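Presented below is the structure to which this report refers.
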Amino acid sequence: MTVENDRAIRIQGDPDHPTTHGALCTKVSRYTERTYSPDRVLHPLKRVGAKGSGQFERVSWDEALADIAARLREIAARAPEAILPYSYAGTMGLLQGESMAMRFFHKLGASLLDRTICASAGGEALTATYGGKVGMHVEHFAESRLIVIWGSNSIASNLHFWTFANAARREGAKLVCIDPRKTETADKCHQHIALLPGTDGALALGLMRELIVNDWLDHDYIERHTEGWPALRERAMAWTPERTAETCGIAADEVRGLARDYGTTKPAAIRLNYGMQRVRGGGNAVRLIAILPCLTGAWRHRAGGLLLSSSGWFRADKAALQQPQLLAGRRPRTINMSTIGDDLLRDGSAAFGPKLEALVVYNSNPVAVAPESPKVVKGFRRDDLFTVVLEHFMTDTADHADYVLPATTQLEHLDVHTSYGHTYVLINEPAIAPVGEARPNTQIFRELAQRLGFDEACFRDDDEAIARQAFGATLDFGELREKRWIKLPLPEAPFADGGFPTASGRCMIDAPGHGVPDHVPNYESASSAPELARRYPLAMISPPARNFLNSSFVNVQSLRDIEGEPVLEIHADDAQVRGIEGGELVRVFNDRGEYWCKAVISKRARPGVVNGLGIWWRKLGARGTNVNELTHQRLTDLGRAPSFYDCLVDVSRG
Numbered sequence: 001m002t003v004e005n006d007r008a009i010r011i012q013g014d015p016d017h018p019t020t021h022g023a024l025c026t027k028v029s030r031y032t033e034r035t036y037s038p039d040r041v042l043h044p045l046k047r048v049g050a051k052g053s054g055q056f057e058r059v060s061w062d063e064a065l066a067d068i069a070a071r072l073r074e075i076a077a078r079a080p081e082a083i084l085p086y087s088y089a090g091t092m093g094l095l096q097g098e099s100m101a102m103r104f105f106h107k108l109g110a111s112l113l114d115r116t117i118c119a120s121a122g123g124e125a126l127t128a129t130y131g132g133k134v135g136m137h138v139e140h141f142a143e144s145r146l147i148v149i150w151g152s153n154s155i156a157s158n159l160h161f162w163t164f165a166n167a168a169r170r171e172g173a174k175l176v177c178i179d180p181r182k183t184e185t186a187d188k189c190h191q192h193i194a195l196l197p198g199t200d201g202a203l204a205l206g207l208m209r210e211l212i213v214n215d216w217l218d219h220d221y222i223e224r225h226t227e228g229w230p231a232l233r234e235r236a237m238a239w240t241p242e243r244t245a246e247t248c249g250i251a252a253d254e255v256r257g258l259a260r261d262y263g264t265t266k267p268a269a270i271r272l273n274y275g276m277q278r279v280r281g282g283g284n285a286v287r288l289i290a291i292l293p294c295l296t297g298a299w300r301h302r303a304g305g306l307l308l309s310s311s312g313w314f315r316a317d318k319a320a321l322q323q324p325q326l327l328a329g330r331r332p333r334t335i336n337m338s339t340i341g342d343d344l345l346r347d348g349s350a351a352f353g354p355k356l357e358a359l360v361v362y363n364s365n366p367v368a369v370a371p372e373s374p375k376v377v378k379g380f381r382r383d384d385l386f387t388v389v390l391e392h393f394m395t396d397t398a399d400h401a402d403y404v405l406p407a408t409t410q411l412e413h414l415d416v417h418t419s420y421g422h423t424y425v426l427i428n429e430p431a432i433a434p435v436g437e438a439r440p441n442t443q444i445f446r447e448l449a450q451r452l453g454f455d456e457a458c459f460r461d462d463d464e465a466i467a468r469q470a471f472g473a474t475l476d477f478g479e480l481r482e483k484r485w486i487k488l489p490l491p492e493a494p495f496a497d498g499g500f501p502t503a504s505g506r507c508m509i510d511a512p513g514h515g516v517p518d519h520v521p522n523y524e525s526a527s528s529a530p531e532l533a534r535r536y537p538l539a540m541i542s543p544p545a546r547n548f549l550n551s552s553f554v555n556v557q558s559l560r561d562i563e564g565e566p567v568l569e570i571h572a573d574d575a576q577v578r579g580i581e582g583g584e585l586v587r588v589f590n591d592r593g594e595y596w597c598k599a600v601i602s603k604r605a606r607p608g609v610v611n612g613l614g615i616w617w618r619k620l621g622a623r624g625t626n627v628n629e630l631t632h633q634r635l636t637d638l639g640r641a642p643s644f645y646d647c648l649v650d651v652s653r654g
């Protein structure tokens, strides 16, 4: 970071970092523009108009904190579980995420939040199968001879992995992309398999059958390092190439060819990502795909195996950060963040518990990102709901707050970061003083705790003290500060000799509480819901736009200039039968709502599938809508996650 006269001038990557080599994605390269945006929230704000109107007045920190503390104290005295924290990964850090915040809410006795909105289906699947969210070192993809990029637009969302994959390609490796959408990544791969949304598990089973009948199996690895293969073997044998092709909407020869490549190429690696697990059967699909490298013995090689997430390798001391003993024996209910639309509209009951009366939102923008947003908006507009939002900008969610508190950006606070894509612990040192009156999340919750009279010593921990607690004695904090990043001490080929972090040390094909995985059809598809599909014949997925990170960066003008406006990619055949022309405003609709955006007739969409690129803020979209007008709140098979990409729609001219 280049700082001149106490102002951040330029942001650069660390050229010495073994994963990034100094490269920044387009999004983060604009971070100074984001930090100094004229739209930045710089002072505490109090709502003076109707919820959603965006009418606020500036108030002092003392006034805001005093009123917030008084309101929370009054609710907590009657029904502490009527208070809900709502947060996710806005800061991506251990300190400004769930450290002082969770201490505060544990002491208060508030409801707990099940943070499921992104990755929990795949996370539970990996944990059931491997024992944790663990996998390959990303650097070793550069040595792979076959890389299957499954459900990942890596050029847009995983740039540093793509650098290693591209290096492997230059050395002769074959790259295969599996994705319903013909992404920018698919453009650069040797082969693109455009399967139907929600059929990834079926494809994995079809690949298994071909591995079996052609004896492309590592029988020794299966025998020594897996548990439950016979039952899955029998299940897979029913998935002929023809059945697989019909289910997935692809050619039988694509199944045979991919199986041949995967079964005969060493080392072969799979880079799996979270898009494909956002359907009803997403967890089972991840389990089936994760089993593939165990069948071929791909794990014997450091450049073979699979990577979905590396986050399970990091042993952060969650108890030290969050201090769960502050619950003092209480067992508050847990609310799923993915069903906030329904839960905000529930009355109190014996089954549900007290009606939600207060929300404290930080590191998240639920009005834009949560599924079935018409219900989310209705809930946030309740007159009897007290809402506090910690934010950088007046997001869709902030517009519905009673108070908006200015939070610091990455350039202005201390944090410690783990990763889900590599194996290095990193420190984030503040480069500049907070802009305006912005304060770190930790400071805001520390001051609220003080006003509520919480006198435990942990509420007096400053940010450096919390940072030192994050890994305890397992990491030298002084070394981290000096070097800026520390590599975890892990084997080069973590499962070459088994040693999975399961109770048995084996890959659990037949996992306790989960059984043997199978293909689980979508909630909404032609095969599972034919009557619904007659009314809404198009499957819709909503992957992130290339230059946004979910709903973050949407308001950065230079990035919005690149993206243009909200669009729906539609295949020429589907557009023609509806009389739709490229560039016109269209109505995308189903029983849950309607979304207005520009139609782009594109080969990136396969027939029968439309791509609603997101996640735009509602107020920046046509007629105040975004793609989550159409998604539903039904959850995945594992992990209680949202099934965003399990959605049928139709499209008409505007």
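Its first residue numbered 1, the sequence shown is counted upward by one per residue in our numbering. Think of the CB as a built atom: it goes at the ideal place given N, C-alpha and C, for glycine as much as any other residue. Note that this is a predicted model, so its numbers are computed, not measured.
Residues bridged to residue i [DSSP beta-bridge criterion]
{"i": "Val-361", "result": "Tyr-86 and Val-389"}
{"i": "Phe-644", "result": "According to DSSP, which records beta bridges pairwise, Phe-644 is partnered with nothing at all."}
{"i": "Val-554", "result": "Answer is none; Val-554 lacks a bridge partner."}
{"i": "Asp-589", "result": "For the record, residue 589 in the displayed sequence is Phe; it is not Asp. Paired residues: Glu-594 and Asp-650."}
{"i": "Phe-56", "result": "Arg-47"}
{"i": "Lys-174", "result": "Leu-146"}
{"i": "Asn-336", "result": "Asp-114"}
{"i": "Thr-485", "result": "This sequence places Trp at residue 485; Thr is not what is there. For Trp-485, which the question treats as bridged, DSSP gives the partners Leu-426."}
{"i": "Met-540", "result": "Val-610"}
{"i": "Thr-226", "result": "Cys-507"}
{"i": "Val-600", "result": "Glu-569"}
{"i": "Thr-2", "result": "Arg-10"}
Reference residue i; option with closest CA among the options
{"i": "Trp-616", "options": "Ala-641, Asn-550 and Arg-604", "result": "Asn-550"}
{"i": "Asp-261", "options": "Leu-146, Asp-342, His-160 and Val-389", "result": "Leu-146"}
{"i": "Asn-441", "options": "Val-388, Ala-168 and Ser-419", "result": "Val-388"}
{"i": "Ile-291", "options": "Glu-227, Tyr-645, Gly-614 and Asn-611", "result": "Glu-227"}
{"i": "Arg-446", "options": "Gly-275, Arg-30 and Met-100", "result": "Met-100"}
{"i": "Ala-142", "options": "Thr-116, Lys-133 and Arg-169", "result": "Arg-169"}
{"i": "His-400", "options": "Tyr-420, Pro-366, Pro-371 and Leu-414", "result": "Pro-366"}
{"i": "Leu-113", "options": "Ser-528, Asp-415 and Pro-332", "result": "Pro-332"}
{"i": "Ile-68", "options": "Asp-462, Ala-358 and Thr-20", "result": "Ala-358"}
{"i": "Val-28", "options": "Ala-156, Thr-636 and Leu-308", "result": "Ala-156"}
{"i": "Leu-42", "options": "Glu-57, His-632 and Leu-568", "result": "Glu-57"}
{"i": "Ile-486", "options": "Phe-471, Ala-496, Gly-498 and Phe-495", "result": "Phe-471"}
{"i": "Gly-257", "options": "Arg-300, Arg-209, Ala-298 and Ile-289", "result": "Arg-209"}
Helix, strand or coil at residue i [DSSP, three-state]
{"i": "Lys-27", "result": "helix"}
{"i": "Ser-652", "result": "strand"}
{"i": "Ser-349", "result": "strand"}
{"i": "Met-92", "result": "coil"}
{"i": "Ala-41", "result": "Checking the displayed sequence, the identity of residue 41 turns out to be Val instead of Ala. Here Val-41 sits in coil by DSSP."}
{"i": "His-219", "result": "helix"}
{"i": "Ile-250", "result": "coil"}
{"i": "His-140", "result": "helix"}
{"i": "Thr-163", "result": "helix"}
{"i": "Arg-560", "result": "helix"}
{"i": "Gly-515", "result": "strand"}
{"i": "Asn-628", "result": "helix"}
{"i": "Ile-75", "result": "helix"}
{"i": "His-21", "result": "coil"}
{"i": "Pro-15", "result": "coil"}
{"i": "Ala-64", "result": "helix"}
{"i": "Ile-212", "result": "helix"}
Minimum Cβ-Cβ distance from residue i to chain B less than 8 Å
{"i": "Asp-476", "result": "Among the chains in the structure shown there is no chain B, since it carries only a single protein chain."}
### Message
Under 8 Å, with one C-beta from each stretch per pair, do the segment 192 to 203 and the segment 165 to 184 reach the 3-pair mark?
### Response
Contact holds: three or more Cβ-Cβ distances are below 8 Å.
### Task
Flag this pair as touching only if the segment 526 to 543 and the segment 217 to 235 have three or more C-beta atom pairs under 8 Å; answer yes or no.
Too few Cβ pairs lie closer than 8 Å, so no.
### Query
At a cut of 8 Å, does the segment 618 to 638 reach the segment 578 to 598 through at least three beta carbon pairs?
Taking 8 Å as the limit for Cβ pairs, the verdict is that the segment 578 to 598 does touch the segment 618 to 638.
### Segment contact, 8 Å Cβ cut-off, at least three pairs: the segment 74 to 90 with the segment 104 to 114
Taking a contact to require three or more Cβ pairs closer than 8 Å, the segment 74 to 90 and the segment 104 to 114 qualify as touching.
### At least 3 beta-carbon pairs within less than 8 Å: the segment 69 to 79 vs the segment 311 to 324
The segment 69 to 79 is not in contact with the segment 311 to 324.
### Query
Counting pairs of Cβ atoms below 8 Å between the segment 128 to 140 and the segment 302 to 320, do you hit three or more?
The segment 128 to 140 is in contact with the segment 302 to 320.
### Query
Between the segment 446 to 463 and the segment 498 to 514, do three or more beta carbon pairs fall short of 8 Å?
Three or more beta-carbon pairs separated by less than 8 Å are not found between the segment 446 to 463 and the segment 498 to 514, which leaves the two stretches without contact.
### Query
Fully enclosed by the segment 254 to 329, which beta strand (DSSP E) runs are 3 residues long or longer?
If only uninterrupted beta strand (DSSP E) runs of at least 3 residues are considered, those enclosed by the segment 254 to 329 are 268 to 272 and 305 to 307.
### Task
Could I get the ranges of all uninterrupted beta strand (DSSP E) runs contained in the segment 391 to 458, with 3 residues as the minimum, in chain order?
DSSP runs (the beta strand (DSSP E)) wholly in the segment 391 to 458: 403 to 406, 415 to 417 and 424 to 428.
### Validate contact between the segment 597 to 607 and the segment 568 to 580 using beta carbons, cut 8 Å, 3 pairs
They touch, by the three-pair rule.
### Message
Does the segment 519 to 530 come into contact with the segment 198 to 211, if we say contact requires no fewer than three beta-carbon pairs (one atom in each stretch) closer than 8 Å?
### Response
In short, these stretches touch, since the Cβ pair count reaches three.
### Task
For the segment 17 to 36 and the segment 157 to 165, state whether three or more C-beta atom pairs, one from each stretch, are separated by less than 8 Å.
Yes, since at least three Cβ pairs between the segment 17 to 36 and the segment 157 to 165 fall closer than 8 Å, the two stretches touch.
### Message
I want to know whether the segment 247 to 256 touches the segment 276 to 288 - three or more CB-CB distances under 8 Å.
### Response
Under the 8 Å Cβ criterion, the segment 247 to 256 does not count as touching the segment 276 to 288, having fewer than three qualifying pairs.
### the segment 587 to 596 in contact with the segment 554 to 561 per 3-pair CB rule at 8 Å
In this structure the segment 587 to 596 does not lie against the segment 554 to 561, because fewer than three pairs of beta carbons, one per stretch, are closer than 8 Å.
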